[in-house]
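Take 1 as the starting number for the sequence shown in UniProt numbering and just add one per residue. Using N, Cα and C, we set each Cβ at its ideal position, and we do this for glycine too.
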Amino acid sequence: MKYSLVASLILQSTVVLGELMPVHFQAPSPAHFRDVVANDTYDFGCRPVAQPTDDGMFKLAAWLSEAQIIELEKHYELDPEIKIKRSLVKRQSTAPIGAGDRFSAGTIAPKGLGTQAAGTTISSIMNLNEITSALNALASVYGVSLLTLPNKTFEGRSQVIGYVGAGTDKSKYHLYLSAGIHARERGGPDNLIYWIADLLAANKAGTGLTYGRKTYTNAQVKSILAAGIVFFPAVNPDGIAYDQKNSNLWRKNRNTRSGTSGMSVGVDLNRNFDFLWNFKKYFSADVAPASTSPSSETFAGTAAASEPETKNHVSVYSTFPKIRWFMDIHSAVGDLLYSWGDDDDQTTSSTMNFLNTAYDGKRGTVGDTAYKEYIPSQDLTNIRTVSTAMVNAMNAVGGRSYSSDQAVGLYPTSGATDDYAFSRFWQVAGANKVYGYTLEFAPSGNFYPTSSEFNTNILDTNAGFMDWALAAIKVGLE
1 MKYSLVASLI
11 LQSTVVLGEL
21 MPVHFQAPSP
31 AHFRDVVAND
41 TYDFGCRPVA
51 QPTDDGMFKL
61 AAWLSEAQII
71 ELEKHYELDP
81 EIKIKRSLVK
91 RQSTAPIGAG
101 DRFSAGTIAP
111 KGLGTQAAGT
121 TISSIMNLNE
131 ITSALNALAS
141 VYGVSLLTLP
151 NKTFEGRSQV
161 IGYVGAGTDK
171 SKYHLYLSAG
181 IHARERGGPD
191 NLIYWIADLL
201 AANKAGTGLT
211 YGRKTYTNAQ
221 VKSILAAGIV
231 FFPAVNPDGI
241 AYDQKNSNLW
251 RKNRNTRSGT
261 SGMSVGVDLN
271 RNFDFLWNFK
281 KYFSADVAPA
291 STSPSSETFA
301 GTAAASEPET
311 KNHVSVYSTF
321 PKIRWFMDIH
331 SAVGDLLYSW
341 GDDDDQTTSS
351 TMNFLNTAYD
361 GKRGTVGDTA
371 YKEYIPSQDL
381 TNIRTVSTAM
391 VNAMNAVGGR
401 SYSSDQAVGL
411 YPTSGATDDY
421 AFSRFWQVAG
431 ANKVYGYTLE
441 FAPSGNFYPT
451 SSEFNTNILD
461 TNAGFMDWAL
471 AAIKVGLE
């Protein structure tokens with residue numbers, strides 16, 4: 001059924017950068033957004049998510065060009081219920097990108113906010129070189145192990161991950177976190193690196209950690225480290241470098257082989273993983289969980305795992321074969337998503353699953369009965385238990401409100417990191433079961449945070465990571 005967006009298209013009071021501007025659609029129900037999210041020329045961030053508002057409505061964040069906004073204004077100009085508001089903030093209000101190298105070529109360790117006095121702030125977002133320098137500093141100061149992944153990016157960059165806490169036996173590592181897969185989602189690598197730095201500093205000093213109103217003991221710090229942490233701070237370094245140089249809300253990698261200049265460059269790495277990647281085959285023709293157009297922000301690439309960054313991300317599971325819990329760090333919505341992302345969850349029919357070819361062409365229509373994705377009931381309980389703990393922790397920090405939802409939400413996705421992580425158990429022989437999550441930190445619609453938001457994001461996410469890890473340990477690492 002089609003809806004006529006009895007709604008508002010509201011440009012959020014936030015920064016305008018490059019050609020895209022953050023907007024909010026508002027409507028009485030999530031179903032009203034179904035038609036607009038089917039348009040793959042519109043940019044809905046990591047994935048379209050409808051959130052409730054205080055006035056009983058729902059909002060949907062998007063990033064649109066001036067031409068797209070004008071098009072929508074014309075479409076709704078005769079509808080008295082639709083309002084369009086524009087409130088722009090100067091670019092200078094955003095947190096700056098760091099200049100130079102605050103970690104002095106890997107000799108000065110990063111210091112997170114959890115080990116410092118309340119009110120301490122970090123003045124700038126790490127530039128790409130500083131992310132590398134921070135990794136080297138964690139290795140030189142705290143003994144974090146580093147591993148160079150096998151594939152170089154399109155622009156020739158090597159990718160390095162860190163692992164810490166469980167010694168040299170890679171089968172003892174159970175937690176895996178990654179960030180920076182979407183280049184414009186600023187602060188993700190910082191959130192992850194500063195959390196690792198906090199854990200190591202507190203462990204060394206024999207102290208706990210404090211994030212706003214959330215506190216943690218040294219015993220909890222030690223238990224998280226003992227679970228073994230693998231961390232990948234910059235999944236998309238080419239894109240990050242480009243976005244930091246141009247401030248144009250760049251999302252994809254920088255692979256030029258599939259397109260032309262401008263927005264036709266690049267693949268959306270979070271649609272490139274081998275989970276129902278060939279969406280035209282697996283999904284209903286009425287939905288578009290990704291795109292085959294190189295000009296789209298959700299271009300899935302030329303094949304599953306076609307990109308070196310994707311291959312590197314996947315290789316971590318083979319290197320650390322007992323990973324049980326995975327977190328992919330994104331912005332900017334304010335929620336935590338869990339599997340599945342291709343359709344509604346169901347726990348009763350095990351044959352109705354993503355590997356069953358009988359359901360090809362039927363997946364992805366949220367709310368219907370033709371297909372729902374099977375998830376074992378105990379797995380769903382485990383996933384929800386941990387997601388609830390994490391969201392409660394972030395809400396308790398005192399900065400802002402977060403929610404937890406199934407990843408499919410308003411509209412399906414294919415080829416995403418979280419679903420790929422969970423699907424491996426069924427489609428890769430001998431693979432460990434991995435519970436996958438996507439965190440969308442920060443205020444809704446703001447990829448380029450202000451300095452205040454940047455520091456609040458660190459507090460929120462780091463408390464969230466703590467309770468995510470603690471709850472995962474309680475549910476089980478094996």
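Check: residue i C-beta below 6 Å from any heavy atom of the ligand NAD
i    : result
T347 : Among the components of this structure there are no ligands whatsoever, and the ligand NAD is therefore not found.
Euclidean distance between Cα positions of residue i and residue j
i    : j    : result
T357 : Y282 : 8 Å
S171 : S29  : 46 Å
S394 : T310 : Correcting the residue identity first, residue 394 is Met in this sequence and not Ser. Going from the Cα of M394 to the Cα of T310 covers about 29 Å.
L400 : T461 : Position check: residue 400 holds Arg in this sequence, whereas Leu was assumed. Cα to Cα, the separation comes out at about 11 Å.
S178 : E77  : 43 Å
A421 : G206 : 34 Å
E19  : V366 : 31 Å
A99  : N127 : 7 Å
L276 : E373 : 12 Å
T438 : Q159 : 21 Å
V164 : H313 : 17 Å
D379 : I70  : 45 Å
D368 : G334 : 27 Å
T148 : D101 : 21 Å
E155 : A300 : 19 Å
I473 : K252 : 34 Å
V408 : V37  : 13 Å
S124 : L459 : 15 Å
D286 : D40  : 12 Å
I383 : P449 : 29 Å
Classification of residue i by the beta-carbon crowding that lies within 10 angstroms, buried from 16 upward
i    : result
E297 : buried
A50  : buried
S377 : exposed
P189 : buried
D419 : buried
Q427 : exposed
K280 : exposed
G180 : buried
P52  : exposed
N246 : exposed
D169 : exposed
S452 : exposed
G162 : buried
Three-state secondary structure assigned by DSSP to residue i
i    : result
Q68  : helix
V397 : helix
K152 : coil
R47  : coil
S93  : helix
I131 : helix
I125 : strand
F279 : helix
F33  : helix
S296 : coil
A358 : helix
H330 : strand
A139 : helix
S377 : helix
I161 : strand
Q116 : coil
T215 : strand
S258 : coil
V391 : helix
L269 : helix
Unbroken alpha helix (DSSP H) run spanning residue i, endpoints
i    : result
D198 : 188-205
G464 : 451-475
I426 : Sequence inspection shows Trp at residue 426; the Ile mentioned does not correspond to that position. Counting along the chain, the alpha helix (DSSP H) containing W426 begins and ends at 417-427.
A226 : 218-226
P308 : 308-319
G239 : 237-246
Residue span of the beta strand (DSSP E) that contains residue i, given as start and end
i           : result
L209        : 209-211
D335        : 335-338
I229        : 229-232
G112        : Here G112 belongs to no beta strand (DSSP E), and DSSP marks it neither H nor E.
residue 487 : What is shown of the chain runs 1 to 478, which leaves residue 487 out entirely.
A305        : Element bounds for A305: n/a, residue is neither H nor E.
**Study point:** Contact between the segment 279-293 and the segment 400-420 (3+ Cβ pairs under 8 Å)
**Key:** Three or more pairs of CB atoms, one per stretch, sit closer than 8 Å, so the segment 279-293 contacts the segment 400-420.
Point to revise | Three CB pairs or more closer than 8 Å across the segment 265-274 and the segment 212-222 | key: Flag = no, the segment 265-274 and the segment 212-222 do not touch.
Review point. Per the contact definition of three or more C-beta pairs closer than 8 Å, is the segment 139-149 in contact with the segment 101-112?
Key: Contact between the segment 101-112 and the segment 139-149 is established, with three or more Cβ pairs separated by less than 8 Å.
Practice item. Specify whether the segment 430-450 and the segment 321-339 touch according to this definition: at least 3 beta carbon pairs, one from each stretch, less than 8 Å apart. Key: At 8 Å Cβ cutoff, the stretches touch.
Check your understanding: Does the segment 221-229 touch the segment 192-209, meaning 3 or more C-beta pairs lie closer than 8 Å?
Key -> Segments in contact, yes.
Practice item. State whether the segment 226-236 contacts the segment 24-44, with contact taken as three or more CB pairs (one from each stretch) at a distance under 8 Å. Key: No: the two stretches stay apart, fewer than three of their Cβ pairs being nearer than 8 Å.
Review point. Is there contact here, the segment 439-455 with the segment 379-389, by at least three beta-carbon pairs under 8 Å?
Key: In the pairwise beta carbon analysis, the segment 439-455 is classified as not touching the segment 379-389: fewer than three pairs are separated by under 8 Å.
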